[in-house]
Structures are given as structure tokens and as C-alpha cells.
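> Please read through the structure below; I'll follow up with questions.
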Amino acid sequence: MATHIEALSKKPMPVRGKGKIDYRFDKVDDALILFKKMIGKYPKPSIVEFNKLLGTVVRMKHYAIVVSMYRQIELLGISHDGYSMSILINGFCQLGRIDFGLSVFGKMLKLGVEPSVVTFSTLINGLCNQSKISEAISIFDGMTERGYQLDLIVYNTILKGLCKTGNTDRAVRFLRLMEGTGFEPDIVAYNTILDCLCKEGLLKEALNLFSEMKVKGIRPDIITYNCLIHGMCNSGQQEEATRLLNEMIDNNISLDIVTYTILIDALCTEGMISKAVEIVDTMRKQGIEPNVVTYTTLVDARCKEGMVSKAEDIVDTMIKRGIEPDVITYSALVNGHCLQNEMDKARGVFNLMIEKGCAPDIVTYNTMINGYCKGKRLDEAMELFHEISRKGPILDIVTYSTLFQSHIEEALKLFEAMRNSGLELDIVPYTILIDGLCKVGHIKVAEELFHQLSNNGFKPDVYTYCIMINGLCKDGLLDEAYTLFGSMGKNDCSPDSCCYNVMIQGFLRNSYISKATQLLTEMVVKGFCADIFTVTLFIDLILHFNKSILL
């Protein structure tokens, strides 16, 4: 950076009337020029003047440059104040280095610099962005205890963090806490929780909250309606979605691109693609140009309908309108060709996206591998598998499942090929293969593979145990299953609710009623619950014998 500043330093320093420095910049290069001149001045400007410049660069979102400037100021022997330290904390948080931000915060406290509400808010926001909600709430509680005057921004940040981490119930309780402390939640607070409730399918609760905000005089905005309409469409409640849409129009709230895209997606899901295309035409007439999400929704629908050529026409249209397809668009096209068993065409799209600089993600790779496996082109499937292993993205359970869903003999060959190729396999492929072997009745081969785990340095997890126990039970090998069940604790892998239910169901199906009852009692003592299948089997036995088997 120093060389870059040096090259620019000959430009004149921007000044305002009466010789005052103008800190308003459109380009970061201008800020760097000024910084170079400031650090070269004698006497040096105060930290207040540097803070003005740091604040400008932060607003331009050049956070790495802010960190570099801060360090250079420090090297000059200029003492930082609470404001400059808060700027640095914000820079680290924006760069995803909340650990460094907390270190600066600790330094503030050590130096006796009193953090401001902005400092705390910045840290809370940084922690929430990294889903560290417990730490964020801890800082929030500390602010409350120390008597800081909190504002809506802090409350809304916590709300957003709770919703982001799936703590919907806590978010609603936090909303009530806001009201209890004299803060009236604003539209941002309500929208945050409404969005979370809708995404979790809690639509009744969402509508109740929606009614509450209207009663309190908080006028719903486009974001409010989009959340609710999307939620209703996703749950198939088209009438309610239409009612909300009409209410929105009656309240003079214009549909935006998000609303239109939600409606287009809903129509495509219902198979009404022609109607969805009409909506796109309506958008354009309203002066709203469809974006990549809108077009991709149509592309995906056409591909799933088997009309890949029409999907490709849509892609051509979007490119002509200056909208580049993204990885989801290309993946939809790949999937369309795979569904039609047009693997050479699918590979053509796959290669094209790479040429265009759009890297395939794990979904794209899995789609291609699945297509090759279904077309019995296993060599090409394995070629792509090795490509992922070398370059990324990270393999997931779908990748392994796809490869192992072919005939069991071929699956075993693939598995051996993976092991012999030097790939560092984890427990996942072993578990998937054991599951597949159990399902097709190759229980002895599954057992052999299970017992190989420890020899290969792997420790079976509770899911692997559960699959093996279930396979043994279904094969009538109850003694072996129960022995394996009993060994779990010794191997530092205590049985969970699933394992208990599988073992109890095995006993019940083979009329080992006494053992099933004994294990049920043990399960309840440990705080686990019987699932619906276990309960049904017990009820069937009670009805069959016309007495309680639990006595």
C-alpha cells in the first residue's frame, strides 16, 4: 500500500473554505493521498483529524485499508481514543475477525478507555453476524447492568441474531422484553421476527403478530407483506397469499421485484408456468426488470417440466438483457438435461459455466454425478468425484449417497476404488454403504464393514450404530443387535433416543416383550421418549393380548 500511496501523493490535498481539509471522497485513492500527506506533516494532526479520515474510509467499506491506516497512526506514536478504537473494532468485525475486534475491546478496557454504546453495538453486530448469539447477549446484559442507554439498533441487532440462529421463541420473548423496558418495537423488529416465523412455517403466529403491529399503529411495509406472502405461498395457502396481496395493493404499496418473484415461484410450483411468464411481462410494463432470481425460477420450472429448450431460450433472453446466469441458473439447466438423460448436453453446460468463470458448486457436481450413475456411466461419475476431491467444493452426504445408490456390487467396487485411490475418507461413506448393505439384506457384509471401522482408525458414531442395530434387528439377529447396543457405552458412544427405539421395536417385532418393556423403562429413566412407531407396536400388542403388557 505504501508504494501505492507514494505514487499518488503528488496530487494536491483536497481543501474546503478557509483551508479546512475536505474529508468527503468518492474514491479511496483520494483518501490514501490525504493520509500520506497527513502522516508527513509536522506537527502531526491530532487523532481527531485522523478519525475523520478513518470514518470516511469505513463508509467506503475499505475495511482492510482502515486497519492498515490505524496501525501506521499507532507507529507514529499518536495515541488512539475510544472513537478510533471503535472504528478499528468495526473494521475487524466487517472483515469477519471478531476475535481481533474483541482483542481491541480488551485493550480499550486495559487502557481505561470507556467504550461507547457504538462500541458495544459494533461488537454485538459482529458476534451476531458470526452466529455467536450467546456472547452477543452476554455483552448486551453487561451494557444493561452498567447503565448504558440502549437504542433500537442494539435491540434489533440482537433480534436479528436470535432469528438467524433459529431461536424464534427467544426472539419473541426478547420482543416482549423490549416493550417491558419502555422500547416500542419498530417495523424493523416486527419484520425480523415475521420473516423468521414464516420461514419456520409458524404462519398462525406470524399472522397474529401481523395483526398486533397493525393494532399498535405500525404500518406494514413491502418487506412485511413479502415475508407473509412468501410464507403463505410456500405452505400452499394461495387464498391467504392472494388476500394479503390485495390488502397490500389497497394500502397503496407497490409490488417490487421480490413480490413478483415470489408470485412467479408460487405459480411455477403449481405448474402454471404460462401464467408465471405473463407475470414477467406485467413486471416489465410496470418498469420492473426481472433479475437473475426471477429468470432462474422460470428456467428451473421449464427444466423440471422437461422443456429444456424453452429454458435455454429464457437464459438467452436474460443474457441479451445484460443479466448473467449464476451457478443456480446453470445448475438448473444441468439438472434439466440430466432428467432427460442428455448427459453430453449436461456436460456441455457444465463446461460452459466454467468457461464463463462461474464455478460449479456441490449441487452442480452432485447433479452431474447422479446423471452419470443413472446412465451407468460410472467411470465419468468417478472422474467428477476425483475432481471434487482435488479442487473442491467440499463433498457432502449427497455425493456419497448418489455414488452408492447403484447396484450393491458396483457400490462396493466404487468404495474400494475410493479407498485405493488414496482419498482421505471419513465416517460418512462407510455409514452410507453400511446402510445400503443392510437395506438390501447383505447384513454379513455390512457387519464386516462396520467392524473394519476401528481397524481403519474410525470411531462409529451414534448414527452408524443405529443403522447397524436396525439392520441386525430386521434380519432377526436380536442377540447380536442387543450385544452391539450394549457395547455402545463402553465405546464412549451412549445410545440416543433413536437407538433405544430401534432396539425396542426389534424386540417387539420378534415378541421379546419382557426385554422390550425393560428397555422402555430404562429409556424413560434416561429422559428419552418412545417414538410413534414404538408406541404403535406396544398398542397393537396390548390390543392383541387384551391386557396391559406393561404390568
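The opening position of the sequence shown corresponds to residue 1 in the UniProt record's numbering, with each subsequent residue numbered one higher.
Note that CB positions come from ideal geometry on N, CA and C, so glycine has one too.
Since this is a predicted model, take the numbers as computed values, not measurements.
1) Assuming contact is defined by CB atoms lying nearer than 8 Å, are residue 291 and residue 319 in contact in what I supplied?
2) Output needed for residue 44: all residues of its chain with C-beta closer than 8 Å, excluding positions within five of it in sequence on either side, in chain order.
3) Express the C-alpha separation of residue 355 and residue 340 in angstroms, rounding to a whole number.
4) With a CB to CB cut of under 8 Å and the five nearest residues on each side skipped, what residues in its chain are close to residue 13?
5) Count the C-beta pairs between the region 157-170 and the region 193-207 that are closer than 8 Å, then say yes if the count reaches three, no if not.
6) With DSSP run on the structure shown, which of helix, strand or coil describes residue 251?
7) Cα separation between residue 251 and residue 220?
8) Using a Cβ-Cβ cutoff of less than 8 Å, which residues in the same chain neighbour residue 519 once the five nearest sequence positions on both sides are dropped?
9) Quick check: residue 640 and residue 159, are their CB atoms within less than 8 Å of each other?
10) Is residue 127 closer than 8 Å to residue 87 when the C-beta atoms are compared?
11) Here's the rule I'm using: 16 or more other beta-carbon atoms within 10 Å means buried, otherwise exposed. How should residue 151 be labelled?
12) Quick one: Cα of residue 534 to Cα of residue 434, how far?
13) First and last residue of the alpha helix (DSSP H) that includes residue 195?
14) Determine the burial state of residue 451: buried for a count of at least 16 other Cβ atoms within 10 Å of its Cβ, exposed for fewer.
15) Is it right to say residue 229 is buried, meaning 16 or more other beta carbons lie within 10 angstroms of its own, or is it exposed?
16) What three-state label does DSSP hand residue 46 in the structure shown?
17) Quick check: the Cα distance between residue 139 and residue 60, rounded to an integer number of angstroms?
18) Which residue's Cα is closest to the Cα of residue 537: 524, 516, 525 and 527?
19) Quick one: what does DSSP say residue 510 is sitting in, helix, strand or coil?
20) State the DSSP-derived secondary structure class of residue 181, mapped to helix, strand or coil.
21) For the region 433-517, which segments carrying the alpha helix (DSSP H) assignment without a break, of at least 4 residues, lie completely within its bounds, in sequence order?
22) Taking the continuous alpha helix (DSSP H) assigned at residue 88, which residues delimit it?
23) Should residue 430 and residue 449 be called a contact, given that it needs their Cβ atoms to be closer than 8 Å?
24) For the alpha helix (DSSP H) holding residue 148, just list the boundary residues, first then last.
25) Please state the DSSP three-state secondary structure of residue 136.
26) According to DSSP, is residue 534 part of a helix, a strand, or is it coil?
27) Considering only C-alpha positions, which residue in the set 58, 227 and 460 is nearest to residue 262?
28) May I have the straight-line CA-CA distance separating residue 469 from residue 510, to the nearest angstrom?
29) Three-state secondary structure (DSSP) at residue 382?
30) Taking the beta carbon of residue 19 as the centre, do at least 16 other beta carbons fall within 10 Å, making it buried, or is it exposed?
31) Does DSSP put residue 356 in a helix, in a strand, or in coil?
32) Going by C-alpha to C-alpha distance, which of 173, 172 and 185 sits closest to residue 154?
33) Measuring CA to CA, which of 42, 50, 40 and 57 is closest to residue 26?
34) Mind checking residue 447: buried by the 16 CB within 10 Å criterion, or exposed?
35) Within its chain, find whatever has a CB closer than 6 Å to the CB of residue 531; leave out the 5 residues flanking it on each side and keep chain order.
The relevant details are as follows:
1) It is not a contact, given that the beta carbons lie outside the stated cut-off.
2) 38, 76 and 78
3) 24 Å
4) In this prediction, residue 13 has a pLDDT of 45, which is less than 50 and means its spatial position is unreliable; nothing more can be read from the coordinates.
5) Yes, since at least three Cβ pairs between the region 157-170 and the region 193-207 fall closer than 8 Å, the two stretches touch.
6) coil
7) Here the C-alpha atom of residue 251 lies approximately 9 Å from the C-alpha atom of residue 220.
8) 500, 503, 504 and 507
9) The structure shown has nothing for residue 640, since the chain only spans 1 to 551.
10) no
11) exposed
12) Their Cα atoms are separated by approximately 24 Å.
13) 187-199
14) exposed
15) It counts as buried.
16) The three-state reading of DSSP puts residue 46 in coil, since its state is none of H, G, I, E or B.
17) Our two residues, residue 139 and residue 60, have alpha carbons roughly 28 Å apart in a direct line.
18) 516
19) coil
20) coil
21) 443-455, 462-474, 478-487 and 497-509
22) Under the DSSP assignment, residue 88 falls in the alpha helix (DSSP H) whose first and last residues are 82-94.
23) yes
24) No alpha helix (DSSP H) contains residue 148, which DSSP labels as neither H nor E.
25) Residue 136: helix per DSSP, three-state reduction.
26) Assigned with DSSP and collapsed to three states, residue 534 falls in helix.
27) 227
28) 14 Å
29) helix
30) Note that residue 19 scores a pLDDT of 45, beneath 50, so its modelled location is shaky; the value from the coordinates is reported in the next line. So residue 19 counts as exposed.
31) coil
32) 185
33) 57
34) Classified as buried, residue 447 has 16 or more neighbouring CB atoms from the shown chains inside 10 Å of its CB.
35) Only 501 meet the Cβ criterion.
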